[in-house]
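Working notes for the structure below.
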Ligand code: SF4
Ligand code: SF4
C-alpha cells in the first residue's frame, strides 16, 4: 500500500492491520455506549451496535472506484497502485486478522472505560469488549481477500455473526465461499451506462459480473440483502430496472439507503447528491409497488428504508 494512502487512512481514523486489513470504530458503536442509540441494523436485524466490529480485510483493493465511496481512491491522491490483484502472501492470515481486529477494538474502547467516562455503563463497556458481530465492509472489496471463507468460519467458531457487503463483481467467489450470516450485494445503478459513470469499474466485465452475482443470489444459503445506495441526481432513476434486477436475486431484504456526504466522497460529489429521507421513501414506495416487497421499517437519521419479501421478519440475533 502506498505510504501516502496509509497516512491518509490513519488520519481518517482507520487502524491498519498488517499489510492491508483495517478496522475503524463505527460511530454507532460509540454512540450506543454513550446512550440509548443504535444503528439501523440493530433496529432492523437485532445486531447490538455496541458489540459490533467494522473491518475490512483489504482496505486498498477494490474492483470499482465509486464516486460515492468514503475511502481514498487512487484518483483522489494522484497515485496509482494495483487495486485488484491480491495474493495470499499479500494479506494477513485470517486468525491473525481477527485477533488484530479484536485488539484494535479494545484500543478504540479505551476512552469509554466507565472509570473515566461515567456516561458508559459497566455492563455495556464489558459487552463491547466481547463483540458478537463483524461487519465485513468498511472499504475495499472483501471478495478479493483470499481467505474470506476462513475468516467467516473463524468468526462463527467464536460465536460471532457476520455481515458481508460486496459490490457483486466476483460471482465465482460468492458461489463458493462459506456463506456469512447475512450477505449484501450493493446495487448502485439501474443500467450499465449509469454503472460506468458512477461506479467507475476497473474491469470491463464489471456490470456483466454484477448481473451474474445478482442471478446467483437466489440460490445462496443464508439471509440475503440488496442494498441500493442512492445518490440524488445520479442513480435515482429507472425504478423498474432496479426492480427487475432485485426480482432476479430474490433477496430477503432490500435496504434503500441514501448516500451520505462523508469521507473522501466529498472531493467527488456535492452535498446536494445526498438525498433527503423523503426522496428515499418515495423511491422505496415505487420499488415496493414494482417488486411486491413490503415496506417494513425506516430510520430517518440514516436515511434508510427496509423492504422485505416476507410480511413478518425475524431478527438475526
Ligand atoms: S452494523 Fe454497521 S452501522 Fe451498525 S454498528 Fe455495526 S458497523 Fe456500525
Ligand atoms: S465498491 Fe465499495 S469499496 Fe469499492 S469503490 Fe465502491 S463503495 Fe468503495
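Numbering (our numbering), first residue to last: 781 to 1097. Yeah, the Cβ is synthetic: ideal placement off N, Cα and C, and Gly gets one too.
For residue i, count neighbouring Cβ atoms within 10 angstroms of its own Cβ and tell me buried if that reaches 16, exposed if not.
{"i": "residue 804", "result": "buried"}
{"i": "residue 898", "result": "exposed"}
{"i": "residue 937", "result": "exposed"}
{"i": "residue 1100", "result": "Residue 1100 is absent from the structure shown; the chain starts at 781 and stops at 1097."}
{"i": "residue 861", "result": "exposed"}
{"i": "residue 1029", "result": "buried"}
{"i": "residue 1077", "result": "exposed"}
{"i": "residue 851", "result": "buried"}
{"i": "residue 988", "result": "exposed"}
{"i": "residue 977", "result": "exposed"}
{"i": "residue 814", "result": "exposed"}
{"i": "residue 840", "result": "buried"}
{"i": "residue 1015", "result": "buried"}
{"i": "residue 864", "result": "exposed"}
{"i": "residue 901", "result": "exposed"}
{"i": "residue 1003", "result": "buried"}
{"i": "residue 777", "result": "An answer regarding residue 777 cannot be provided, because it is not within the stretch 781 to 1097 covered by the chain."}
Excluding the five sequence neighbours on either side, which residues of its own chain have a C-beta within less than 7 Å of the C-beta of residue i, listed in chain order?
{"i": "residue 1054", "result": "1012, 1038, 1039, 1040 and 1041"}
{"i": "residue 1018", "result": "970 and 971"}
{"i": "residue 832", "result": "806, 809, 911, 913 and 915"}
{"i": "residue 891", "result": "897"}
{"i": "residue 1006", "result": "965, 967, 1026, 1029, 1031 and 1034"}
{"i": "residue 790", "result": "796"}
{"i": "residue 1071", "result": "1023, 1026 and 1027"}
Considering residue i, what are the terminal residues of the beta strand (DSSP E) in which it resides?
{"i": "residue 860", "result": "No beta strand (DSSP E) contains residue 860, which DSSP labels as neither H nor E."}
{"i": "residue 913", "result": "913-916"}
{"i": "residue 958", "result": "Careful: residue 958 lies outside any beta strand (DSSP E) and carries neither H nor E."}
{"i": "residue 1026", "result": "Premise fails: residue 1026 lies in the alpha helix (DSSP H), 1019-1029, not in any beta strand (DSSP E)."}
{"i": "residue 795", "result": "795-797"}
Tell me the residue span of the alpha helix (DSSP H) that contains residue i.
{"i": "residue 905", "result": "902-908"}
{"i": "residue 879", "result": "874-888"}
{"i": "residue 1038", "result": "Element bounds for residue 1038: not the alpha helix (DSSP H) but the beta strand (DSSP E), 1033-1038."}
{"i": "residue 980", "result": "Neither: residue 980 is in no alpha helix (DSSP H) and is coded neither H nor E."}
{"i": "residue 789", "result": "783-791"}
{"i": "residue 927", "result": "Unbroken run through residue 927: none, as it is neither H nor E."}
Which of the three DSSP states is assigned to residue i in this structure?
{"i": "residue 835", "result": "strand"}
{"i": "residue 854", "result": "helix"}
{"i": "residue 1077", "result": "strand"}
{"i": "residue 803", "result": "strand"}
{"i": "residue 940", "result": "coil"}
{"i": "residue 965", "result": "strand"}
{"i": "residue 844", "result": "strand"}
{"i": "residue 1063", "result": "helix"}
{"i": "residue 1086", "result": "strand"}
{"i": "residue 1050", "result": "coil"}
{"i": "residue 949", "result": "coil"}
{"i": "residue 990", "result": "helix"}
{"i": "residue 1042", "result": "coil"}
{"i": "residue 1091", "result": "coil"}
{"i": "residue 1000", "result": "coil"}
Apart from the five residues just before and just after residue i, which ones in its own chain have a Cβ nearer than 8 Å to its Cβ?
{"i": "residue 844", "result": "921, 947, 949, 979, 980, 981, 982 and 986"}
{"i": "residue 1065", "result": "1075"}
{"i": "residue 868", "result": "926 and 927"}
{"i": "residue 1051", "result": "1041"}
{"i": "residue 905", "result": "813, 889, 892, 893 and 894"}
{"i": "residue 828", "result": "812, 818, 822, 907, 912, 913 and 1097"}
Whose C-beta lies closer than 6 Å to the C-beta of residue i among residues of the same chain, with five residues either side of it excluded?
{"i": "residue 874", "result": "927, 930, 931 and 934"}
{"i": "residue 1080", "result": "1057"}
At a cut-off of 7 Å, would you count residue i as near ligand 3, judging by its Cβ distance to the nearest heavy atom?
{"i": "residue 906", "result": "Among the ligands modelled here, namely ligand 1 and ligand 2, ligand 3 does not occur."}
Q) Which residues, in chain order, sit with a beta-carbon under 6 Å away from any heavy atom of ligand 1? A) One residue list follows from the rule of a beta carbon closer than 6 Å to any heavy atom of ligand 1, given in chain order as 806, 808, 809, 819, 821, 827, 829, 832, 834 and 915.
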